[in-house]
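In terms of numbering that gives the first Met the number 0, the sequence shown opens at residue 0 and continues consecutively.
We put the beta carbon where it would ideally sit given N, CA and C, even for glycine.
This report refers to the structure that appears directly beneath it.
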Amino acid sequence: MDISDKGILLVLSGPAGSGKGTIVKNILERDNMIRLSVSATTRAPRPGEIDGVHYSFVSSQKFEEMIASDEMLEHTRYCGNYYGTPREHVNKMLESGISVILEIELEGAMNIRRLCPDAVLVLLLPPDFKTLENRLRGRHTNTEDDIKNRLERAKTEVSFFDKYDYVVINEDNMYEKAATTVLNILDSERHRTSRNKSIPTDFFG
Ligand code: 5GP
């Protein structure tokens, strides 16, 4: 009799600049039973971003075709571009016992809550708004307009605080600690009684 080894769908959401990318990278390096869902987007690649690794970079036409053929588990428009989670990869991973992280924004997170009630929703936040602004400006890859948009959007995201199951604070230079907390959340979730419904029967052999 073992604790559930079924894959868990974990949504990691948080304002741009909260450090989701760094934390996910660290989690993936530490646990090979977890994968990141590679989203499709119509936004242009940033320097260093690789097609198929960071995102599938597609045209608006291709994205709209994917929506029409129901290939997207969820999708949204964010700061003028489409972003979405292709359904097939996520389902395959979960069925084979691998947990999947969706690194997605608020609207996507709320859609997943509705569509996948078993999913675990984690909100990642920097310690305060000023730190968020410093991080966004420090990236040097966003335009001033884009930074302003993203800061505005961050206010909305924080206002949905109580729709999430967990909150994790990502302090400057402490990303490993935040990643450990997310790993601990995943481990705790595996022990939920609702994910282990066969135990009472198995217990008596
Ligand atoms: P960025 O342009 O900075 O890579 O991403 C902008 C926002 O879109 C981030 O908050 C990111 O988490 C979110 N995002 C990335 N992929 C998806 C997706 O597939 N669906 C949704 N809803 N949001 C996404």
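Handout entry: Backbone secondary structure at N183 - three-state DSSP
Key = helix
Exercise for the section: May I ask you to list the residues that DSSP assigns as paired with T75? Expected result: Y82
Problem - Where the beta strand (DSSP E) containing V121 begins and where it ends - result: 119-124
Problem - Contact test: E132 Cβ vs ligand 1 heavy atom, cutoff 7 Å - result: no
Problem - G220 CB to nearest heavy atom of ligand 1 below 7 Å - result: Nothing in the structure corresponds to residue 220, since the chain is present only between 0 and 204.
Practice task
Return yes when the C-beta of K162 is under 7 Å from any heavy atom of ligand 1, and no when it is not.
Solution key: no
Practice task
Out of E156, L105, I26, G18, state which residue places its alpha-carbon closest to the alpha-carbon of R138.
Solution key: G18
Problem - C-alpha distance - Y163 paired with E102, whole-angstrom precision - result: 14 Å
Practice task
Would you mind giving the Cβ-Cβ distance between G83 and A15, rounded to the nearest angstrom? I have them listed as a contact below 8 Å.
Solution key: With a Cβ gap of about 17 Å, G83 and A15 do not count as contacting.
Handout entry: Under 8 Å between C-beta atoms of I33 and N195
Key = no
Problem - I168, enclosing beta strand (DSSP E) - first and last residue - result: 165-168
Handout entry: Inter-residue Cα distance where the pair is G96 and F62
Key = 29 Å
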